[in-house]
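These notes concern the structure reproduced below.
Number of protein chains: 2
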Amino acid sequence: MKLDRLLGFRFKETPSDCQVASHILMTRGAYIKNVGSGIFSLFPPAKRIAQKIEQIIREEMNAIDGQEVTFPVVMPASLWKESGRWDSVGSELLRFADRMGSDLVLGMTHEEAAVHLARGAAQSYQNYPFMIYQVQTKFRDEPRARAGLIRVREFTMKDAYSFHTSQEDLEAYYQKAYQAYVNIFNRCGLPEVISVKSDSGMMGGKVAHEFMLPTQIGEDYLAVCTACDYRSNMEVAQAVVKNENYGDAPLKKVHTPGIKTIDALAAFLHVAPQQTCKAVLYQKNADDAFVAVFLRGDLEVNEVKLRNLLGEEVHPAVNADAVFACGFVGPIGLPRGCTVVFDNSLRGTTNLVTGAGEADYHYTGFALERDVPEVRCSDVAKILDGGICPQCGNHSIRLTRGVEVGNIFQLGIKYTKSMEMTYLDQNGKPQYPIMGCYGIGVGRLMASGCEVRHDDYGPIWPMQIAPWQVHICALRAQEEAVAQAAGTLYDALQKAGIEVIFDDRKVSAGVMFSDADLLGVPVRVILSPKTLARNAMELTTRDKAIKKDLPLESIEKEIIALVNALRRA
Amino acid sequence: MKLDRLLGFRFKETPSDCQVASHILMTRGAYIKNVGSGIFSLFPPAKRIAQKIEQIIREEMNAIDGQEVTFPVVMPASLWKESGRWDSVGSELLRFADRMGSDLVLGMTHEEAAVHLARGAAQSYQNYPFMIYQVQTKFRDEPRARAGLIRVREFTMKDAYSFHTSQEDLEAYYQKAYQAYVNIFNRCGLPEVISVKSDSGMMGGKVAHEFMLPTQIGEDYLAVCTACDYRSNMEVAQAVVKNENYGDAPLKKVHTPGIKTIDALAAFLHVAPQQTCKAVLYQKNADDAFVAVFLRGDLEVNEVKLRNLLGEEVHPAVNADAVFACGFVGPIGLPRGCTVVFDNSLRGTTNLVTGAGEADYHYTGFALERDVPEVRCSDVAKILDGGICPQCGNHSIRLTRGVEVGNIFQLGIKYTKSMEMTYLDQNGKPQYPIMGCYGIGVGRLMASGCEVRHDDYGPIWPMQIAPWQVHICALRAQEEAVAQAAGTLYDALQKAGIEVIFDDRKVSAGVMFSDADLLGVPVRVILSPKTLARNAMELTTRDKAIKKDLPLESIEKEIIALVNALRRA
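Heads up: the protein sequence lines correspond to chains A and B, in order. Counted from 1, the first sequence has number 465 at position 465 by my numbering; the numbering is strictly sequential. Counted from 1, the second sequence has number 1405 at position 405 by my numbering; the numbering is strictly sequential.
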């Protein structure tokens, strides 16, 4: 299309309310416009990118026998009451009432709707397995919308749901879905997306993977092994540590006046922080009961693992002073009723320093198994950067940040059971189907693609998802020769099925190029009286890999060949 | 795809909650599933039809330079407060608050969002005209959801918004949009869609057309001339009547004890109802003030025209007895403060019977212009079936019912002015852009297509929007010869780009054919040991126009040719 027809006002200044590159560049380039907190409209370039991503997703979903359907955006509360999530999900589920006073919710995920649709439609084991999916608008009443399309409230998501008659069949399909996801990110020109093991959170189920695009603006921390293929969300990564042998020593109370932190304690007693046993206090959300977590002094508590271990929500303790000698808490002499958790990092340790349970005193010579009879240890510590890989055992863990662009879950029968969806097995016996679910956020994938593919001047879109494939900059197009050469090329490329954005505005080269940079089209062709004088047009790629003159005779052929080569890249 | 993989349970019984054919057949055929009042999920066949309709719409919108965008489903109330519709639209606009207590609405139409997106993006007259559109989910809190997808609360709609610098430019574009709509309905295989003049309702603006699919289940009444091309929604159709000349007579009060209806009055006084002047009482919604409408006794009030004339909402009068001698109300002696409206049907009339304004009395000999000085008449009567065409003057009006499947409006500057969207004209002076808007309901088009194209056994989808193009019924496919011939045909057709649904289930011919009828695929190929024995397969079309044997040698070629012919039809 002609650039002068494209709706959008592009500009140079960094908008004051934008912090991350994708938000800045997609605002400056007129891709998105903020309508309300976490709510955006898409201008044509973003819509084009989204549609290309959606098309790739559809093709890969269809290739694994997915059947496209539509679930409602607005659902009656009754569906969510059936599954139990009306009560279990927090206020990110937007609840409201219609004119008749009936309770409704805005769909943030569609397990309930999928079971509702499939229930009654697949009554025999012969109907299984099947997968249904949609690409649709969702709403999550996110308290901290931020970073443009990275964390929004309203978003377009592909969500898929598979139904199986056995765990083995689910697992086999899960592998196919996993591979489809790898294909999708590759085909979107974003092969650096990695998969990590993840926590299944409010979705239920046991096995889950997240697909992460590593970028410093990500909110998730990932543990990635540089020696093997181990990758995990830090939330669930197993922390493996090796302890020094500090020898045996008797338990001895020492006076440590006002020494309340591990660093102060280690300095005061001339030991390494690793030789201490630290206490971290929590309270259960349900009844405010205290939970004391003990772990090696240099480690931190991974609260997701702690919650999963306890099977309930906890928060850092408030006003523990009334019950504990804070700063001096140790495993000995804890108040009654306090839940106690020992991290694996204390297993087999001896001769540690730990709190004595009274103000201004610590113990030295603490030995876990000796001093705490029948102790059991669990994995509740955060994995360390440079720490030990739980898979290959090398000190090769690197922590990095990433944006979650997709996820896959093995759900089990959580939803089919609660919503009473059954089929008859080969023996005529009713059974609950086993489910998997599979999501990709379209807008977030687009924005995080921009995060990892941009320079100071704009996005550098991969050919596969770029809003257009070729950008023609015709400088001084008011001159007949330029207008004619540009028009001929524009027509020829369009005829060849290439998507072209054509700029023949009467503006300076600077304006033309900065607009082209913001639109991020991979292949750019520049022509002007100067280039025509040397019987050529200039070809550049947005990533600066190519910059050369092309003779007029072969220009169309060469551009088409380049577009096709980049499309396959 | 293989039919045994298709999700959906098809059945024969008419569901108890379905009244109209499309709702019955699309439920029985597993196209749709009701999730809540006016809220549906779409099974794969309906999704496929919807996507085909959407693709046709996109192509036609792009052909008139439409740029596809996305507006939010959920919008902050502030946008609707800017336009004034937060207050002016009733409870069909679903309003609610998020977790922070901020007011939100569910988009039922997107004029506000379109102006919000375009505002600031088109600041110079050189940026005009432009049109932006989306295909998206909308929600209207409809109090009487009914008839499956015909009247729902959540629906997918294509909505387009054009912006212009002059009324002439809008009108020229409006004509292009009108033609695009004609193309869309033709290309969807529904050429019987007609356009009618319509009321612009809550949208504002003056000129509007609705596109109606005539069907008896429609809620709109249309006035269609059988002699010329006049077509109008009855709501706005001009009522033209010819009055008899009843001669002159003096005004005379006559005793008509208990005679309160026109029919009783006409019988009592031996006159035709046409020789009476009827009163109909309303009250203004704003202040309950009375409105008395007078019109010829055989006619009815068109309340839309009345509202437009008064410029405010009215409702039929309640408890008028306290103020009026009901049943005996006439133009003479009306209470003070009552708004009076005379319909055009009374213009020039003489010697009519009308109420005397006191119980049990009427006047005879009433002559409007003589007895009501300086009277002005307006058009507030309903057009009659068999009545006079306001365009060609023949008695050729037929009333029919239709479903509104699309509409186009000339909006003017209602939204750009209230939301302060301006551009600089050639003289550097700020101006409000002039808008048009253009909608099509995708699901309603699908369902009303089914209304006009079905038999007792299922929908008869036009090739252009059918969920599949060819349906192969392989009877006794457990026999090797059938399986092989069917498989070969299935592969060959798919390779040729034909969309095929392939039924090789071990079920009876009856089950197979009734499922095929419900899926409504235009071309059906039946093979069995019997047909193969005569070296043939049977070709039938869903509309029963064709039923013949095709020899095995040429079957692929003939089917492909037929599909292509029907696609172009």
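Cβ coordinates follow ideal geometry from the N, Cα and C atoms, glycine included. Predicted model, so just to flag it, every value in this text is computed and none were measured.
(request) Report the rounded CA-to-CA distance for Thr197/A versus Gly218/A, giving the unit in angstroms. (result) Note on identity: in this sequence residue 197/A is Lys, with Thr being the wrong assignment. Roughly 16 Å separates the two Cα atoms.
(message) My output table needs one value for Tyr282/A: the three-state DSSP class, helix, strand or coil.
(response) Under the three-state reduction of DSSP, Tyr282/A is assigned to strand.
(request) Ignore the nearest five residues each way along the sequence and tell me which others in Met1512/B's own chain have a CB closer than 8 Å to its CB. (result) Taken in chain order, the residues that qualify are Cys1473, Leu1475, Asp1503, Arg1505.
(request) Starting from Ile434/A, trace the beta strand (DSSP E) both ways and give me its first and last residue. (result) 434-441
(message) Given this structure, state the Cα-to-Cα distance separating Gln1179/B from Gly1066/B, to the nearest angstrom.
(response) Near 14 Å, if we compare the C-alpha coordinates of Gly1066/B and Gln1179/B.
(message) Contact defined as beta carbons within less than 8 Å: I believe Pro551/A pairs with Asn535/A. What is the distance between those atoms, to the nearest angstrom?
(response) 6 Å
(request) Inspect the beta-carbon positions of Ile1157/B and Lys1176/B and report whether they are closer than 8 Å. (result) According to the sequence shown, residue 1157/B is Met rather than Ile. The answer is no: Cβ separation not under 8 Å.
(message) What does the alpha-carbon distance come out to for the pair Asp298/A and Met419/A?
(response) Their Cα atoms are separated by approximately 46 Å.
(request) Return no unless some Cβ of chain A is closer than 8 Å to the Cβ of Val1069/B. (result) Interface residue, yes.
(message) I'd like to confirm the pairing. Which residues does DSSP put opposite Cys1473/B in its beta bridges?
(response) According to DSSP, Cys1473/B bridges with Asp1503/B, Ile1526/B.
(message) Quick check on the DSSP output: what are the complete alpha helix (DSSP H) runs of length 4 or more inside the segment 1099-1126 of chain B, in order along the chain?
(response) List check, alpha helix (DSSP H) in window: 1111-1118.
(request) Keeping to the same chain, check which residues put their C-beta closer than 6 Å to that of Leu1003/B; ignore five residues upstream and five downstream. (result) Ile1501, Asp1503
(message) Tell me whether the segment 1253-1261 of chain B and the segment 1352-1367 of chain B touch, counting them as touching only if at least three CB pairs, one residue from each stretch, are closer than 8 Å.
(response) Yes: the two stretches touch, three or more of their Cβ pairs being nearer than 8 Å.
(request) Could you please tell me which residues of the segment 1111-1128 of chain B, in chain order, have their CB closer than 8 Å to any CB of chain A? (result) Ala1113, His1116, Leu1117, Ala1118, Gly1120, Ala1121, Ala1122, Gln1123, Gln1126, Asn1127
(request) Would you check if there are 3 or more beta carbon pairs closer than 8 Å linking the segment 1476-1486 of chain B to the segment 1516-1523 of chain B? (result) Counting C-beta pairs closer than 8 Å gives fewer than three between the segment 1476-1486 of chain B and the segment 1516-1523 of chain B, which falls short of the contact rule.
(message) Closer than 9 Å between beta carbons: that is the criterion. Which residues of the segment 1033-1051 of chain B meet it against chain A?
(response) Lys1033, Val1035, Gly1036, Ser1037, Ile1039, Phe1040, Ser1041, Leu1042, Phe1043, Pro1044, Ala1046, Lys1047, Arg1048, Ala1050, Gln1051
(message) Please confirm whether Thr1027/B has its beta-carbon closer than 8 Å to some beta-carbon of chain A.
(response) no
(message) Using a 10 Å radius around the Cβ and a threshold of 16 neighbouring Cβ atoms, would you call Met203/A buried or exposed?
(response) With a pLDDT of 48 at Met203/A, under the threshold of 50, the modelled position of that residue is not reliable, and the figure given next carries that caveat. Around the beta carbon of Met203/A, 16 or more other beta carbons sit within 10 angstroms, so the residue counts as buried.
(message) Check this for me: beta carbons of Ile1498/B and Cys1188/B, under 8 Å apart or not?
(response) Cβ atoms of Ile1498/B and Cys1188/B: not closer than 8 Å.
(message) Can you confirm whether the segment 1067-1081 of chain B touches the segment 44-51 of chain A when touching is taken to mean that 3 or more C-beta pairs between the two stretches lie within less than 8 Å?
(response) yes
(message) Below 8 Å, how does it come out for the segment 1213-1231 of chain B and the segment 1386-1394 of chain B: are there three or more Cβ pairs, yes or no?
(response) Judged by Cβ distances under 8 Å, the segment 1213-1231 of chain B makes contact with the segment 1386-1394 of chain B, as three or more pairs qualify.
(request) For Asp1504/B, decide whether its Cβ has a neighbour in chain A, counting only Cβ atoms nearer than 8 Å. (result) no
(request) Taking only the alpha-carbon atoms, compute the straight-line gap between Val315/A and Arg307/A and give it to the nearest angstrom. (result) Reading the sequence as shown, one finds His at residue 315/A and not Val. Cα to Cα, the separation comes out at about 10 Å.
(message) Quick check on His270/A: buried or exposed, where buried means 16 or more other Cβ atoms within 10 Å of its Cβ?
(response) Its Cβ having fewer than 16 others within 10 Å, His270/A is exposed.
(message) Along the chain, where does the alpha helix (DSSP H) containing Thr165/A start, and where does it finish?
(response) Unbroken run through Thr165/A: none, as it is neither H nor E.
(request) Just tell me which of Lys547/A, Ser22/A, Ser345/A, Met421/A has its CA closest to the CA of Leu79/A. (result) It is Met421/A whose Cα lies nearest to the Cα of Leu79/A.
(request) With DSSP collapsed to three states, give me the class of Gly510/A. (result) helix
(message) I need the boundaries of the beta strand (DSSP E) containing Gln136/A, first residue and last residue.
(response) 130-139
(message) Within a Cβ cutoff of 8 Å, which residues of the same chain sit near Glu558/A, ignoring the five residues on either side of it in sequence?
(response) Leu539, Leu550
(request) Taking only beta-carbon positions, decide if Cys1018/B is within less than 8 Å of chain A. (result) no
(request) Measure the C-alpha to C-alpha separation of Gly107/A and Ile408/A and round it to an integer number of angstroms. (result) Rounded to whole angstroms, Gly107/A to Ile408/A spans 18 Å at the Cα level.
(message) Do Val380/A and Ile293/A count as a contact pair if the criterion is CB distance below 8 Å?
(response) One detail in the question is off: residue 293/A reads as Val in this sequence, not Ile. Taking 8 Å as the Cβ cut-off, Val293/A and Val380/A qualify as a contacting pair.
(request) In the DSSP assignment, find the unbroken alpha helix (DSSP H) run with Gln1583/B in it and report its ends. (result) Outside the displayed range of chain B (1001 to 1569) lies residue 1583/B, so it cannot be described from this structure.
(request) Report the option in Lys1530/B, Ala1147/B, Phe1366/B whose CA atom is closest to the CA atom of Ala1509/B. (result) Closest in alpha carbon position to Ala1509/B, among Lys1530/B, Ala1147/B, Phe1366/B, is Lys1530/B.
(request) For the beta strand (DSSP E) holding His362/A, just list the boundary residues, first then last. (result) 361-366
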